[in-house]
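Engineer: So the number in this note's numbering is just where the residue sits in the sequence shown, counting from 1, plus 208.
A virtual CB, placed ideally from N, CA and C, is assigned to each residue, including glycine.
Sharing a structure, written as structure tokens. Questions coming.
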Amino acid sequence: MSGEASSAEKRARLSGRLVAATHNSGKLREIRELMKPYGVNVVSAAELNLAEPEETGSTFRDNAALKAEAAARASGIVALADDSGLCVEALGGAPGIYSARWAGGGKDFGAAMARVERELEALAAPPPWRASFVSVLALAWPDGALETFEGRVDGALVFPPRGTAGFGYDPIFRPDGHDRTFGEMGPEEKHGIPADGSLALSHRARAFQKLSRERL
Ligand code: IMP
């Protein structure tokens, strides 16, 4: 019985309030912008005083799921979490799920980008330095239902970092088919959803396109 109720709720389209299970202001801003056209009221985990769970998973999906599930349980409303990161091919996919941790407690992404460059130098890895951004969005309902959606964008790294827009590793990531880094793009270009239904650019926007097709 509870199984039926849970799958019926799971199929429902999103409306009303949703908690964005993130304490990252850059991600929160992007999630708010993505949700804006759908009339969903996005409240943040910080506004609801929700604790930030430890990211103990070994994949983006595991971490997105545990963040969304914790926020849904604690708030009693549908929760959306993103787990994302930069995967550098020559570094075996690092920093990957440790992308935030490479910036340290002070969230110093200048230092994190310098570490990526240092590690590539140490390996004498020749350019182009192939990399991708990956985002898994997890939607969790208070009754335990869970859905995940993955988006990815491929590109190459550039040094020194270029541009001051965006956040995190944006200044060193140049998506394929573009001359500029994410750090040199405005928000609309990076994570806008094309009105003609074509593929969005950023990993998070691509994951969001999958989510919106089914849930918005
Ligand atoms: P987490 O998902 O909160 O564990 O952290 C993901 C980390 O990956 C962020 O803190 C950023 O460093 C990086 N990241 C994820 N998405 C982006 C993006 O769109 N631009 C730049 N960096 C990103």
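#1: Measure the Cβ-Cβ separation of residue 357 and residue 304 and say whether it is below 9 Å.
#2: Hey, residue 393 and residue 359: beta-carbon distance below 9 Å or not?
#3: Taking the Cβ atom as the reference point for each residue, do residue 327 and residue 302 lie within a distance shorter than 9 Å?
#4: Between residue 379 and the rest of its own chain, which residues show a CB-CB distance below 6 Å, the 5 nearest in sequence each way excluded?
#5: Going by Cα to Cα distance, which pick from 400, 279, 404 and 381 is closest to residue 351?
#6: Is it buried or exposed, residue 413, if we count other Cβ atoms within 10 angstroms and call 16 or more buried?
#7: Let me check one thing: in DSSP terms, what residues is residue 249 bridge-paired to?
#8: Is it the case that the Cβ atoms of residue 248 and residue 236 are separated by a distance below 9 Å?
#9: Quick one: what's got a C-beta closer than 6 Å to residue 299's C-beta in the same chain, skipping five residues either side?
#10: Since residue 339 and residue 297 should fall inside the 8 Å C-beta cutoff, what is the C-beta to C-beta distance between them, to a whole number of angstroms?
#11: Enumerate in chain order the residues of its own chain whose CB-to-CB distance from residue 417 is below 7 Å, with the five nearest sequence positions on each side excluded.
#12: Helix, strand or coil: how does DSSP classify residue 286 here?
#13: Please go through the segment 251 to 334 and give each complete beta strand (DSSP E) segment of 3 or more residues, from N-terminal end onward.
Structural biologist: On the basis of the supplied data:
#1: No. Outside cutoff.
#2: No; because the gap between Cβ atoms is not below 9 Å, this pair is not in contact.
#3: For residue 327 and residue 302, yes; Cβs fall inside 9 Å.
#4: The beta carbon of residue 379 sits closer than 6 Å to those of 369, 370, 371, 389 and 391, all from its chain and outside the five residues before and after it, given in chain order.
#5: For residue 351, the nearest C-alpha among the options comes from 279.
#6: Within a 10 Å sphere around the beta-carbon of residue 413 sit 16 or more other beta-carbons, which makes this residue buried.
#7: Looking at the DSSP assignment, residue 249 forms a beta bridge with 225.
#8: No, these two residues do not count as a Cβ contact at 9 Å.
#9: Cβ within range, chain order: 327.
#10: At roughly 6 Å, the Cβ-Cβ gap stays under 8 Å, so residue 339 and residue 297 are in contact.
#11: 401 and 408.
#12: Here residue 286 carries a coil assignment [DSSP, helix/strand/coil].
#13: Given a length threshold of 3 residues, each whole run of the beta strand (DSSP E) inside the segment 251 to 334 is given here in chain order: 287 to 296.
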